[in-house]
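*Asks:* So that we are looking at the same thing, I have put the structure below in structure tokens.
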Amino acid sequence: MERIRVRFAPSPTGALHIGGIRTALYNYLIAKKLGGKFILRIEDTDQGRFVPGAEEYIVEALQWAGLIPDEGPGFGGAYGPYRQSERKSRYADYARQMIESGNAYYAFDTPEELEAAREAAKAQGIHTFKYDAAVRGQLKNSLTLSAAETRSRLDAGEPYVIRLKVEPGQDIAIEDMVRGEVTFRSDELDDKILLKSDGMPTYHLANVVDDRLMEITHVIRGEEWLPSTAHHVLLYRAMQWEDRMPRFAHLPLILKPDGKGKLSKRDGVRLGIPVFPLGWAGATPEESFRGFREFGFLPQAMLNFLAFLGWNPGTEQEMFSMEELIQAFSVEKIVKSGARFDYDKAKWFNQQYIHAADNAQLAEWVRPILAQNGYEPEQAYLEGFCGLMKERVTLIPEFWEKGAYFFTGVQEYDRAAVQKKWNPERRPLFDALAVSLSELTLAVWQGDPGEIKTATESFMQANGLKPGDVLPMLRIALAGTMQGPAVFEMMQLLGREESLARLAKAFGLFDTFIA
RNA sequence: GGCCCGUUCGUCUAGGGGUUAGGACGCAGGAUUUUCAUUCCUGUAACACGGGUUCGAUUCCCGUACGGGCUACCA
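To convert, note that position 492 of the first sequence is 636 in this note's numbering; the numbers rise steadily by one, no gaps.
Rendered as structure tokens:
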């Protein structure tokens, strides 16, 4: 049986886009489902676009998401190195081999000359200049130059590139696992540069060579690569590797939430939504942003959301653990059309995961935020807090934003609500209620909140008070706001001493609000 | 411009020659709830268009329109 090997091959040119995470996810799922290997390969062949820290970001993002490579830089593996810049010499060897076999040639045209040729073509009404069979005869390359001339230019150290010699008249058919058969004619293809003048390969050469050398069986990548796959097939043919060419699956793009086009970094800042997994500290504030993690998403919620952007299991199940995703995933179920990024849906998934998480787990996520604000609550209190708040939040930071009063005390009371409901004449009754609450034993306070409730209810009954007269006031006294967990659950969590203190403080203040 | 890919509710999608075209998000209404939220119920809303093929097309084929991608010594 074939050993399945898939790779995720990002370029370290900045933060990894959320679409990249989805590509990594799908690769990961295929690998795990089929018992194969998930390989991380860093495609850093463009020295000009290299961004320091980008590779570390990629690795950290994958780790946060739980998509741990089986092989890759820092992850071991027998097919390394996994950074293309460290495999430079191999590409040059294959490029020369291509020249020897007549499938490639040296080209000495400078960028300026090419630009001039482009301009000239445009002047003739040709929209795009293509370095191909039709024009290469008029350009400076080893096909037009004599062998001696070529040799001497090479020996003189003149800059050159190596180009793929595309023979016209060929049909190229790709059996894409997502799209079915996709066909191209070689006449439409240009003589792609394989090896750049700095000695580095282009993506096309490097990805074919590495996929072969790393024994990659399935290439799962974004749809933007579909057109260039024709060139890749030609490369496999030229190398006589076509018999073991990987299978291709081109994934639909992730589109902007609004408007047109694919999701971009700009959309994140423009719409105030995360489009990257992790935050990124750029050189300037404009180049810095928060990611899903900083917005307060749980990694599995993000993954679940992403999994459904372009795939679905064909059942009505929507919540999937990683194990379930691995079980349910299949390439055949990948959707062909682009998927709009739906932030509301992302938040819904997160909310579902927060609801389902146990309090101890939530406490782990909430604790750092409290610490940032200077609070180090006891574990039991924190867990109780998480339990009361988890059905009221969508993103992790909301625990603090909506429930800070559990730690800070009430900073601000909802005056309007007090003015509407508070009756100073009933002040003695509220004081009496506080007294009767204070008489409840610690065991009652620490037990089922229902007991505090029962005690309050009997007090209300004995004094002719309705729940609507009392509970809202207790709520505001304890929390300052009309929103939040059930009153008696708050009391139970806050404890007898704190609850009573808050009541005492608030009742006095309420009178002053009325005046 | 050329080439390639795509098109089912606003969004993510299921489905597939004859269906009340299903689910989810969102939105609206209702129930529960002392609040908020949760939960539950109900509602809203879709097969881009035109030709074929067929007894019958949303489903198959071809066009058109629209959308997207690619068209660098970037990946």
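For every residue, glycine included, the Cβ atom is placed at its ideal position computed from N, Cα and C.
Using alpha carbons as the reference points, say which of A578, S602 and R151 lies closest to M617.
*Replies:* For the residues A578, S602 and R151, the minimum Cα distance to M617 belongs to A578.
*Asks:* Short of 7 Å in beta carbon distance, which residues of its chain neighbour V352, apart from the five on each side in sequence? Order them along the chain.
*Replies:* Cβ neighbours of V352 beyond the five flanking positions: H376, L379 and Y380.
*Asks:* Within the continuous beta strand (DSSP E) that includes I183, where are the two ends?
*Replies:* Start and end: K181 to L184.
*Asks:* Residues in the same chain with beta-carbon distance under 8 Å from K176, minus the five sequence neighbours each way, listed in chain order, please.
*Replies:* The residues are F182 and I470.
*Asks:* Does the beta-carbon of N494 have 16 or more other beta-carbons within 10 angstroms, so that it is buried, or is it exposed?
*Replies:* Under this definition N494 is a buried residue.
*Asks:* Just to confirm, is the Cβ distance from I478 to L370 under 8 Å?
*Replies:* No, the Cβ-Cβ distance between I478 and L370 is not below 8 Å.
*Asks:* Per DSSP, which residues does Y656 bridge with? Please list them.
*Replies:* Here residue 656 is Thr; the residue named in the question, Tyr, does not match the sequence. For T656, which the question treats as bridged, DSSP gives no partner whatsoever.
*Asks:* Can you tell me whether F439 is helix, strand or coil according to DSSP?
*Replies:* Here F439 sits in helix by DSSP.
*Asks:* Is the segment 260-275 touching the segment 212-227 in the sense that three or more CB pairs, one from each, lie closer than 8 Å?
*Replies:* They do not touch, by the three-pair rule.
*Asks:* Tell me R149's beta-bridge partners as DSSP assigns them.
*Replies:* In DSSP, R149 forms a bridge with K181.
*Asks:* Tell me the DSSP secondary structure of E325 in three-state form.
*Replies:* Note: E325 maps to strand in three-state DSSP.
*Asks:* Check K409 in the structure and name its three-state DSSP category.
*Replies:* Reduced to three states, the DSSP call for K409 is helix.
*Asks:* If you pair each beta-carbon of the segment 545-558 with each one of the segment 566-581, do three or more pairs fall below 8 Å?
*Replies:* The answer is no - the segment 566-581 does not touch the segment 545-558, with fewer than three Cβ pairs under 8 Å.
*Asks:* Counting C-beta neighbours from all protein chains within 10 Å, is the total for D342 16 or more, i.e. buried, or is it exposed?
*Replies:* By the neighbour-count rule (16 or more Cβ atoms within 10 Å), D342 is not buried but exposed.
*Asks:* Could you give the uninterrupted runs of the alpha helix (DSSP H) lying entirely in the segment 194-225, keeping only those of 4 residues or more?
*Replies:* Counting only runs of 4 or more, we get 198-209.
*Asks:* Cutting at 7 Å between CB atoms, please list the residues of its own chain near L415, excluding the five before and the five after it.
*Replies:* Taken in chain order, the residues that qualify are P401.
*Asks:* Measure the C-alpha to C-alpha separation of S372 and I316 and round it to an integer number of angstroms.
*Replies:* If you take the alpha carbons of S372 and I316, they lie about 11 Å apart.
*Asks:* Measuring alpha carbon to alpha carbon, tell me which residue in Q636, E569 and S582 is nearest G594.
*Replies:* For the residues Q636, E569 and S582, the minimum Cα distance to G594 belongs to Q636.
*Asks:* Sorted by chain position, which residues of the same chain lie with C-beta nearer than 7 Å to P541's C-beta, five sequence neighbours on each side aside?
*Replies:* Within the same chain, P541 has close Cβ partners G440 and I513.
*Asks:* Extract the residue ranges of the alpha helix (DSSP H) inside the segment 551-583, only unbroken runs of 4 or more that lie entirely within it.
*Replies:* For the segment 551-583, whole alpha helix (DSSP H) runs of length 4 or above, ordered along the chain, are 559-565 and 571-582.
*Asks:* Using only the alpha-carbon positions, how far apart do F551 and K564 sit?
*Replies:* Cα to Cα, the separation comes out at about 27 Å.
*Asks:* Who does P345 pair with in a DSSP beta bridge?
*Replies:* Paired residues: L339.
*Asks:* Taking E476 as the reference, give the member of I364, Q461 and G528 with the closest Cα.
*Replies:* When each option's Cα is compared against that of E476, the closest is I364.
*Asks:* Take L581 as the anchor and find which of G403, W208, L647 and D253 has the nearest alpha-carbon.
*Replies:* Closest option to L581, Cα to Cα, is L647.
*Asks:* Along the alpha helix (DSSP H) that carries R240, what are the first and last residues, could you check?
*Replies:* Where R240 is concerned, the enclosing alpha helix (DSSP H) stretches over K232 to E244.
*Asks:* Report the three-state DSSP secondary structure of R356 (helix, strand or coil).
*Replies:* Residue state, collapsed to three classes: helix.
*Asks:* Over what stretch of residues does the alpha helix (DSSP H) that includes D613 continue unbroken?
*Replies:* Run containing D613: P611 to A623, per the alpha helix (DSSP H) assignment.
*Asks:* In whole angstroms, give me the CA-to-CA distance for R234 and L339.
*Replies:* Those two C-alpha atoms are separated by around 11 Å.
*Asks:* Checking the sheet assignment: what are the DSSP bridge partners for D320?
*Replies:* Paired residue(s): G324 and F392.
*Asks:* In terms of residues, what are the limits of the alpha helix (DSSP H) holding Y304?
*Replies:* Taken as a continuous stretch (DSSP letters only), Y304 belongs to no alpha helix (DSSP H), as it is neither H nor E.
*Asks:* Go ahead and pull the three-state DSSP assignment for G164.
*Replies:* In this structure, G164 counts as helix in the three-state DSSP scheme.
*Asks:* Using CA atoms only, rank isn't needed, just tell me which of Q605, E146, Y170 and G608 is closest to T455.
*Replies:* Residue identity check: residue 455 is Trp in the sequence provided, not Thr. Comparing Cα positions, the closest option is Y170.
*Asks:* Considering only the beta carbon of each residue, do I162 and V413 sit closer than 8 Å?
*Replies:* Cβ atoms of I162 and V413: not closer than 8 Å.
*Asks:* Using C-beta distances below 6 Å, list every residue in its chain close to D334, excluding the 5 sequence neighbours before and after it, in chain order.
*Replies:* Same-chain partners within the cutoff: K274, Y275 and D276.
*Asks:* Are the CB atoms of R227 and P213 nearer to each other than 8 Å?
*Replies:* The answer is no: Cβ separation not under 8 Å.
*Asks:* Short of 6 Å in beta carbon distance, which residues of its chain neighbour A623, apart from the five on each side in sequence? Order them along the chain.
*Replies:* These residues qualify, in order along the chain: Y549.
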